[in-house]
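Residue 1 is where the sequence shown starts when you use our numbering, and the numbers rise one by one after that.
All C-beta atoms in this analysis are idealised placements derived from N, C-alpha and C, irrespective of residue type, glycine included.
Every value quoted in this text rests on a predicted model; they were computed, and no experiment measured them.
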Amino acid sequence: MADLILGSTTAITESGGTVTFIGTGEATILVDYLVQAGGGGGGGKDGTLVYGGGGGAGGLRSSVAPVYASGNDSGFTTDVPAMCVLGKAYTITVGAGGASQSPGNNSVFAVTSVGGGRGSSNSSSVAYTFNLDGGSGGGGGPYRLGSSRPMSTREPGNGIGGQGYNGGFGEQSNAACGGGGGAGGAGGNGGIDQLPSGTAEYGGAGGIGITSTISGTSTTYGGGGAGNGYVNPGPGASHGGGNSKANSGVGTCTAGTNGKGGGGGGNAATPGAAGGSGVIVLKIPDTYTAT
């Protein structure tokens with residue numbers, strides 16, 4: 001089998017293009033695919049808004065079973081290969097990652113993978129909690145009972161079954177935000193450590209991604225972005241998710257990895273980081289070519 005990678009290493013860009021399969025003998029071929037959508041941007045400062053949850057990873061669908069999919073509450077659903085007609089041009093769309101506080105964009109080939117949800121943002125006077133749902137959900141924000149930040153602001157975005165998982169919950173605190181969901185597991189919850197010197201609010205970790213060998217190399221896609229904390233930042237998933245920066249200044253807010261659909265990290269003093277662009281990987285028999 002030969003590998004054709006579209007999106008991050010060839011002429012097919014984030015705006016997409018077409019692919020045509022060439023060969024002789026059969027009129028159709030079966031094409032295996034991995035379709036990774038763009039990750040959601042992390043929440044962060046925007047006017048009065050601060051305290052950002054991590055962006056959710058872009059949704060991931062594949063006809064090849066993953067090597068590793070730990071922590072799933074519904075399991076990874078393997079799709080059927082695409083039946084493609086030789087000589088016919090097929091449209092491909094590779095989703096871009098979302099900017100700060102924006103959801104990611106869909107990727108399409110045979111199936112549609114949905115862009116990741118954005119990370120939540122709120123402040124002492126307002127909550128910004130829409131567009132959190134996606135392929136994987138964005139992380140929730142902190143809340144304070146009896147204030148303009150009700151308990152509902154801790155709710156994360158929902159992921160789509162078979163594509164990704166929910167974001168993590170925010171905590172009752174100043175700035176403990178949830179991490180974005182990943183393709184292989186939910187985002188971590190924000191929380192509070194009880195220390196001898198007082199409390200330390202921390203952000204939730206980004207949800208884990210999923211590892212695939214469809215390209216011939218073991219590669220992990222779809223990690224969630226980390227949530228902002230007041231003292232300690234959450235870690236991004238090592239599978240493409242961005243790290244966050246705490247209010248204390250600890251840590252560095254980073255974008256999701258392009259070509260892996262990772263969610264962007266949450267922030268407080270500045271806008272959250274962008275999500276990473278998606279990718280499409282196609283695998284065809286080596287007796288055929290693609291243009």
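Quick check on the DSSP output: the beta strand (DSSP E) that includes Ser107 runs from which residue to which?
Segment Ser107 to Phe109, the beta strand (DSSP E) holding Ser107.
So the beta strand (DSSP E) Val19 belongs to, where does it begin and stop?
Note, Val19: beta strand (DSSP E), Gly17 to Ile22.
Hey, out of Gly259, Leu282 and Ala183, whose CA is closest to Ser215's CA?
For the residues Gly259, Leu282 and Ala183, the minimum Cα distance to Ser215 belongs to Leu282.
I believe Gly167 touches Gly117 by the beta-carbon criterion, under 8 Å. Please report the beta-carbon distance rounded to the nearest angstrom.
Yes, they are in contact, since the Cβ atoms of Gly167 and Gly117 sit about 7 Å apart, within 8 Å.
Anyone know if the C-beta pair for Gly262 and Ala99 falls short of 8 Å?
The answer is no: Cβ separation not under 8 Å.
Going by DSSP in three states, Arg118 sits in which element: helix, strand or coil?
Here Arg118 sits in coil by DSSP.
Give me the Cα-Cα distance between Phe130 and Met83, rounded to the nearest whole angstrom.
Rounded to whole angstroms, Phe130 to Met83 spans 37 Å at the Cα level.
Please classify Ala65 as buried or exposed, where buried requires at least 16 other C-beta atoms within 10 Å of its C-beta.
Its Cβ having fewer than 16 others within 10 Å, Ala65 is exposed.
Taking Tyr288 as the reference, give the member of Gly23, Gln101 and Gly134 with the closest Cα.
Of the candidates Gly23, Gln101 and Gly134, the one whose C-alpha sits nearest the C-alpha of Tyr288 is Gly23.
Could you give the DSSP three-state label for Thr153: helix, strand or coil?
Here Thr153 sits in helix by DSSP.
Please go through the region 23-56 and give each complete alpha helix (DSSP H) segment of 4 or more residues, from N-terminal end onward.
List check, alpha helix (DSSP H) in window: nothing returned.
For Asn105, I'd like the list of residues in its chain whose CB is within less than 6 Å of its CB, leaving aside the five on either flank, ordered along the chain.
Answer for Asn105: Gly38, Gly95, Ala96 and Gly115, listed in chain order.
Could you pull out every residue in the same chain whose Cβ sits closer than 6 Å to the Cβ of Leu34, ignoring the five residues on either side in sequence?
Closer than 6 Å at the Cβ level, and outside the excluded window around Leu34, lie Ser62, Ser212, Ile214 and Val281.
Could you name the residues of the same chain whose beta carbon sits closer than 7 Å to that of Thr257, not counting the 5 residues immediately before and after it, in chain order?
The residues are Gly240 and Gly276.
Is there contact between the region 161-180 and the region 17-31, where contact requires at least three CB pairs shorter than 8 Å?
Flag = no, the region 161-180 and the region 17-31 do not touch.
Residues in the same chain with beta-carbon distance under 7 Å from Val111, minus the five sequence neighbours each way, listed in chain order, please.
Here the set comprises Val35, Arg61 and Asp79.
Going by the beta-carbon positions, is the gap between Gly119 and Gly225 smaller than 8 Å?
Taking 8 Å as the Cβ cut-off, Gly119 and Gly225 qualify as a contacting pair.
Helix, strand or coil: how does DSSP classify Tyr90 here?
The answer is strand: DSSP assigns Tyr90 an E or B state.
Nearest CA to the CA of Gly264: which residue from Thr18, Pro103, Phe76 and Val19?
Here the closest residue by C-alpha is Pro103.
Check Tyr221 in the structure and name its three-state DSSP category.
Here Tyr221 sits in strand by DSSP.
From the DSSP output, which residues share a beta bridge with Asn228?
Asn228 is not bridged to any residue.
Cβ of Gly204 within 8 Å of Cβ of Gly223?
No, they are not a contact pair.
Let's see if you can read the secondary structure: which residues bound the beta strand (DSSP E) around Leu132?
No beta strand (DSSP E) holds Leu132; DSSP gives it neither H nor E.
How about Gly272 and Gly134: do their beta carbons lie closer than 8 Å?
Result no, Cβ atoms of Gly272 and Gly134 do not sit closer than 8 Å.
Give the single residue among Thr77, Gly227, Asn267 and Ala268 whose Cα lies nearest to the Cα of Gln163.
Measuring from the Cα of Gln163, the nearest candidate turns out to be Thr77.
May I ask which residues mark the beginning and end of the beta strand (DSSP E) holding Ala82?
That run of the beta strand (DSSP E) goes Ala82 to Val85.
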